Every structure is written in structure tokens, then in C-alpha cells.
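According to our numbering, the sequence shown is numbered sequentially starting from 90.
Where a beta carbon is used, it is the ideal one built from N, C-alpha and C, also for glycine.
If you're wondering where the values come from, they're calculated on a predicted model, not measured in any experiment.
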Amino acid sequence: MTSIAVPEEEVATGEWMEAPHQTACCIVGGGPGGMMLAFLLARHGIPVTVLEAHKDFDRDFRGDTLHPSILEILDQIGLSEPLHQLRHNKIYGPTLQAAGTSFSPIDFRRLKTRFPYVMLIPQTKFLEFLAAEASKYPEFRLRMAANVQELIEENGLVRGVRYQSTKGWHEVRAQLIVGADGRFSKVRSLARFEPIKTSPPMDILWFHLPHLPGDEVSDRILGGFGGGRVLAVFDRLDYWQVGYVFPKGQYQELRAAGIAALRRSIAAIEPRFANHVAALTDWQQCALLSVESSRCPIWYKPGLLLIGDAAHVMSPVGGVGINYAVQDAAVAANVLMEPLTAGHVRVQDLAEVQRQREWPTRVIQAIQAAVQKRILTNVLQARGPVTIPWTLRVFFRIPVLRDLPARLLAFGVKRVRLEKP
Ligand SMILES: Cc1cc2nc3c(=O)[nH]c(=O)nc-3n(C[C@H](O)[C@H](O)[C@H](O)COP(=O)(O)OP(=O)(O)OC[C@H]3O[C@@H](n4cnc5c(N)ncnc54)[C@H](O)[C@@H]3O)c2cc1C
């Protein structure tokens, strides 16, 4: 698939920058939440403009998981088959090493769905795919390299945004502005929304290890626990994507111990990567993710709605951030399609989106917090090998209980469907 990113020269001509541009819905942020909502609205003939700060979708520092819930939503609108034609891997659950034994707690194959797996596909490819599909509708516009800096508020109503491109300032006016601009949301801070923050006890190093000759494609998340660390390794087919979890605030300590210590720690947790870690020679190869979790008490004000990470930053426990952003988008489309078509979005409509999405978010964040407190904190404080408690092993053998976590990860707290696919 070719990239649909607007080339730099085009940005510089300002050819498409006749301001103010008028649309029905202006979405700030071309991540999974923003692009999905834009696609769903454009598909129903609602004029929508996406403003994305980057000049392309190619950012490595992102999650690549599409859970069954997202695949079901895409299936409702005929996109699951073309998406599956793109190069991807299917993951059926984790297989983790702990104190020399292996533990496979989750098996998505037992779920009742057409898509009993997590699809692993570079987020860049997924976003390019959505943009290409949305571009088939004349109502869809995408402005890359459009960095939103200001909200236009008149008489207590948000009426538009101002963004900067390489050519200067531009204005978009719309019935509704959607802030889908992620964990550091500019729209959220411009609207003066204060998220309630919690601080999960860990940070993550995110890096690649090479595939070596003889590596077989893995349909499991690999990794494990030990020595105060958690390792998660995903097979991205061309390389291994690694998440290395360590206690919050210990990055400098980790660096001081040296990259060789990092290599030894990985090999000790998951010996099958003992040779792969030789490729890890420089801290520049690693991106540091400072983990946080937060939720805005209010997601809307007249003329403005927040969705996805802008409304609630999810802890990486369970890797559900993309799932929740896309589910927010689907619910926003369900609720707002008619008001946007009618040209009148009421505050009650925006409140309804929050009403439907807030409680699943609160529940999953509470579960993540419990896992962090009861399990992760102990694992991260352990100096030596970590054994899996027998109670946990028994839990995952009891038929009525064992699939609950898989269901929660796959669909979230509530399965979301499009009402007008
Ligand atoms: C290292 C890492 C690994 C992760 N792994 C996973 C995983 O495995 N599974 C999972 O489900 N989740 C994962 N996540 C979380 C997941 O990426 C997010 O929850 C998800 O992307 C949120 O989607 P979103 O659309 O709300 O926001 P984002 O994906 O953050 O998209 C926001 C977009 O807004 C743009 N933007 C920001 N500011 C502006 C502005 N002022 N003007 C215009 N555009 C702007 C950004 O460039 C970005 O493209 C991971 C996150 C990180 C950082």
C-alpha cells in the first residue's frame, strides 16, 4: 500500500490551506481513534477533516495490536478482509517463562468470535489502510503536518481550531471538534480539562531484536518474569518487538548498570533470545516509555469531545489502549451520526458518548490497577526468580473462569458494535 501522507512540498505550497476551512466534524489527531471515527463519519456522508501533527504515520513508538473487538467492528463495514490481506501475524495468547517453567494463561482460540486472535500489524500500516479507505469518500479530508495549537471559542462554544503547518497558520471551523490527539493531548489542555492521574509502578524500554536464521514464526507473546523485570516479546515477522518492564524511576540505574547487564537480564528471563541480544549494543536503540494512566472526569464541553488516550490514558497492562480508542470512536459514531447529519450536536449527545464509554474505561483501569498492585509490584520488587502462584495456575485451569481474562482483553468490558454499519 502506498502512503497517503501529504508530501512536504504540498504542505509548503499551502495549496489546500485556504482558511478558514469549514467542515461538520474536525478531528485533531490521526491515531487509531481519530482515523476510525473519521472513516465512520465520512462513510455516512458527513464532512470530516482530520488534522495530524506528523507528516506521515510512520512512528515506531506505538502499539501494533488489533484485538478481536476491533476486527469485529471492521468486519461490520467490510474492512476485515482487505485488512487481513496486509502482512500480519496472529497471536493466540502469551507463553511466559518464570523460574524455569512456562505458563500459558490465555488462549484466544476458545473465544466465540470470527477473529479469535490478536492481529499484530504495524500501526503505520493500519493507519495508512484506514486513511486509504476513508479517502474513497469525498467527505473525508486529511491534513498531515497540521499541528493544532489553538481552540476557537465563542460564547462558551468551541467552534474551531487553529493549526500550524510549515506555511503558517490555518483555521478550521466545525460543528464539532474531536480531540483524539493522544496521551499528551493539546486539545485537552487547551480546553482546560484536568485528568486524574495514577502512576503505575513501572516504565518500559521498547526496542527491536533481529530475527535470526532458524527462528520460527511465533503465534504467542513470549517473555516472562525474573530479577525484578518483566519481558514481553512480539513476533513482528521481520523482527522481534520487545517491551522490557522495570520499576518506575529506575531508568538511570538501568543505564548505569550498562547495556551488557540488560542483555544478560533478557537472556536470563527468556533463554531463547540469548543470541539475539548481541544486537543490542547502544541505548539509542531503546525508546523509554514513561508509563502513566489517567482519566478525565469530563470528556466534553459545548462543541468539543475527547476520545481515546486524550480522554483516558491506559496503562499498558493487557495492551488495550488501541482497543479502547477504536471502541470510543465506534460509540461516538453511533451516537453523533444523526446529530451531525442534522447539523445540531447537543451537549447531551456528547455526554451520552462519555456515559457509554466511561464505565468500561473505569472498570478496565480498576482491573489494571489491581494487577499492577497485586502482581506487578511484587514481580518488580523480586530480586531473584519469580514463581507463578499455584492459585493463578489453578484459576487458568477452571473452565468457567479461565476465559474471563481473554474475553476482557479481546472485547473490553462491553462488546461494542456499530449501530448503523
Ligand atoms: C511504546 C508503546 C507501546 C504500546 N503498545 C500497545 C499495544 O501493544 N496495544 C495497545 O492496544 N496499545 C498500546 N499502546 C497504547 C496505544 O498506542 C494508544 O493507547 C493508542 O494509540 C491510543 O490511540 P489514540 O488514537 O487515542 O491516540 P494516539 O495513537 O496517540 O494518536 C494521537 C495522534 O494525535 C496526533 N497529535 C498529537 N498532538 C497533536 C496536535 N496538537 N495536532 C495534531 N495532531 C496531534 C499524534 O501525532 C498522533 O498521531 C502503546 C503505546 C506506546 C507508547
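- request: Answer with buried or exposed for Val409, where buried requires no fewer than 16 other C-beta atoms within 10 angstroms of its C-beta.
  value: One-based indexing of the sequence shown puts residue 409 at position 320. Per the 10 Å Cβ criterion, buried.
field: Sub-8 Å separation of Gln165 and Arg496 beta-carbons
entry: Residue 165 sits at position 76 when you count from the first residue of the sequence shown. Residue 496 sits at position 407 when you count from the first residue of the sequence shown. No.
query: Should Pro488 go down as buried or exposed, given a rule of 16 or more other Cβ atoms within 10 Å for buried?
result: To locate residue 488, count along the sequence shown from 1; it is residue 399. Under this definition Pro488 is an exposed residue.
- request: Using only the heavy atoms of ligand 1, determine whether one of them is closer than 7 Å to the beta carbon of His143.
  value: What you label residue 143 is simply residue 54 of the sequence shown in a count that begins at 1. Yes, Cβ of His143 sits closer than 7 Å to a heavy atom of ligand 1.
message: Using only the alpha-carbon positions, how far apart do Tyr389 and Asn244 sit?
response: On the sequence shown, position 300 is the one that residue 389 refers to. On the sequence shown, position 155 is the one that residue 244 refers to. Approximately 16 Å between the Cα atoms of the pair.
task: Check whether the Cβ of Thr190 sits closer than 7 Å to any heavy atom of ligand 1, and report yes or no.
output: Within the sequence shown, numbered from 1, the residue matching residue 190 stands at position 101. Not under cutoff, so the answer is no.
message: So, at 7 Å on beta carbons, what are the nonlocal neighbours of Phe229 in its own chain, with the 5 sequence-adjacent residues on each side left out?
response: Counting from 1 along the sequence shown, the entry for residue 229 is found at position 140. If we look at Phe229 and ignore the five residues flanking it on each side, its Cβ neighbours are Ala127, Ala131, Val137, Ala223.
Limits of the unbroken beta strand (DSSP E) element including Phe229: Within the sequence shown, numbered from 1, the residue matching residue 229 stands at position 140. Element bounds for Phe229: 229-232.
field: Exposure of Trp329, with buried meaning 16 or more beta-carbon neighbours within 10 Å
entry: As a position in the sequence shown, residue 329 is number 240, starting the count at 1. Buried, by the Cβ-count rule.
- request: For Thr213, name the three-state secondary structure that DSSP assigns.
  value: Walking along the sequence shown from the start, residue 213 turns up at place 124. In this structure, Thr213 counts as helix in the three-state DSSP scheme.
message: Quick check on the DSSP output: what are the complete alpha helix (DSSP H) runs of length 4 or more inside the stretch 387-445, in order along the chain?
response: 410-431
message: Closest to Asp145 by C-alpha separation, out of Arg272, Leu490, His300, Ala234, would be which residue?
response: Taking the first residue of the sequence shown as position 1, residue 145 is located at position 56. Comparing Cα positions, the closest option is Ala234.
- prompt: What residue from Leu498, Asp270, Ala350, Leu493 has the CA that sits closest to Glu154's CA?
  reply: If you number the sequence shown from 1, residue 154 lands on position 65. Reading off the sequence shown, one finds Thr at residue 154, where the question assumed Glu. Residue Leu498 is the option with its Cα nearest to Thr154.
task: Answer with buried or exposed for Pro299, where buried requires no fewer than 16 other C-beta atoms within 10 angstroms of its C-beta.
output: What you label residue 299 is simply residue 210 of the sequence shown in a count that begins at 1. Exposed.
task: Keeping to the same chain, check which residues put their C-beta closer than 6 Å to that of Glu97; ignore five residues upstream and five downstream.
output: Taking the first residue of the sequence shown as 1, we reach residue 97 at position 8. Low per-residue confidence applies at Glu97: pLDDT is 38, beneath 50, and the placement is therefore not dependable, though the value from the model is reported in the following sentence. Excluding sequence neighbours, Glu97 sits near nothing in its chain.
field: Ala376: first and last residue of the uninterrupted beta strand (DSSP E) it sits in
entry: Translated into the one-based positions of the sequence shown, residue 376 becomes position 287. Run containing Ala376: 376-379, per the beta strand (DSSP E) assignment.
- request: Give me whichever residues DSSP pairs with Val137 in a beta bridge.
  value: Within the sequence shown, the letter at position 48 stands for residue 137. According to DSSP, Val137 bridges with Cys114, Phe229.
message: Using C-beta distances below 7 Å, list every residue in its chain close to Asn423, excluding the 5 sequence neighbours before and after it, in chain order.
response: What you label residue 423 is simply residue 334 of the sequence shown in a count that begins at 1. These residues qualify, in order along the chain: Leu507, Glu508.
- prompt: Can you tell me the Cα-Cα spacing of Gly332 and Trp295, whole angstroms?
  reply: Counting from 1 along the sequence shown, the entry for residue 332 is found at position 243. Counting from 1 along the sequence shown, the entry for residue 295 is found at position 206. Each residue's Cα considered, the two are about 5 Å apart.
field: Spatial distance of His133 from Ile293 (CA atoms)
entry: In the sequence shown, counting from the first residue as 1, residue 133 sits at position 44. In the sequence shown, counting from the first residue as 1, residue 293 sits at position 204. Approximately 40 Å, taken between the alpha carbons.
query: So is the beta-carbon of Leu507 under 7 Å away from any non-hydrogen atom of ligand 1?
result: One-based indexing of the sequence shown puts residue 507 at position 418. Flag unset: Cβ of Leu507 not near ligand 1.
message: Is Trp388 close to ligand 1? I mean its beta-carbon at under 7 Å from any heavy atom of the ligand.
response: Within the sequence shown, residue 388 is the residue found at index 299, counting from 1. Checking every heavy atom of ligand 1 against the Cβ of Trp388, none is found closer than 7 Å.
message: Does the structure place the stretch 275-284 close enough to the stretch 257-264 that three or more beta carbon pairs sit under 8 Å?
response: no
query: Going along the chain, which residues of its own chain have a beta-carbon closer than 8 Å to the beta-carbon of Val442, five neighbours each way excluded?
result: Along the sequence shown, one-based indexing puts residue 442 at 353. Counting only Cβ-Cβ distances below 8 Å, and skipping sequence neighbours, we find Trp388, Tyr389, Leu394, Ile396, Asp417, Val420, Ala421, Val424, Leu425.
message: Just checking: is the beta-carbon of Tyr252 within a distance shorter than 8 Å of some beta-carbon in chain D?
response: No chain D is part of this structure, which consists of one protein chain only.
query: Is DSSP giving Ala321 helix, strand or coil here?
result: As a working note, residue 321 is residue 232 in the sequence shown. Strand at Ala321.
- prompt: Hey, would you say the C-beta of Leu130 is under 7 Å away from at least one heavy atom of ligand 1?
  reply: Residue mapping note: residue 130 aligns to position 41 of the sequence shown, counting from 1. No, ligand 1 has no heavy atom inside 7 Å of this Cβ.
- prompt: Assuming Val267 contacts Ile116 under a Cβ cut-off of 8 Å, what Cβ separation, rounded to an integer in Å, is found between them?
  reply: Taking the first residue of the sequence shown as position 1, residue 267 is located at position 178. Taking the first residue of the sequence shown as position 1, residue 116 is located at position 27. Contact flag correct, Cβ pair sits at about 5 Å.
Bridge partner(s) assigned by DSSP for Asp292: Start at 1 with the first residue of the sequence shown, and residue 292 comes out as number 203. Its beta-bridge partners are Phe335, Ser379.
message: What would DSSP say about Asn236, mapped onto helix, strand or coil?
response: Here the question's residue 236 lines up with position 147 in the sequence shown. Three-state DSSP puts Asn236 in a strand.
- request: With DSSP as the reference, label Lys179 as helix, strand or coil.
  value: For the purposes of this step, residue 179 is taken as residue 90 along the sequence shown, with counting starting at 1. Three-state DSSP puts Lys179 in a strand.
Alpha-carbon spacing of Ala511 relative to Gly473, whole angstroms: As displayed, the chain neither begins before 90 nor continues past 510, which places residue 511 out of reach and without an answer.
query: Which partner residues does Gln330 have in the DSSP bridge list?
result: Within the sequence shown, the letter at position 241 stands for residue 330. BP columns for Gln330 point to His297, Phe323.
task: Decide yes or no for the touch test of the stretch 157-171 against the stretch 244-255: beta carbon pairs closer than 8 Å, at least 3 of them.
output: no
message: For Trp372 and Ser288, what's the separation of their Cα atoms in angstroms?
response: Stepping through the sequence shown from its first residue, residue 372 is reached at position 283. Stepping through the sequence shown from its first residue, residue 288 is reached at position 199. Approximately 25 Å, taken between the alpha carbons.
Cut-off 6 Å between Cβ atoms - residues of its own chain near His156, not counting five sequence neighbours on either side: As a first step, residue 156 must be located in the sequence shown, where it is residue number 67. For His156, where only same-chain residues beyond five positions count, the Cβ hits under 6 Å are Val207, Asn412, Ala499.
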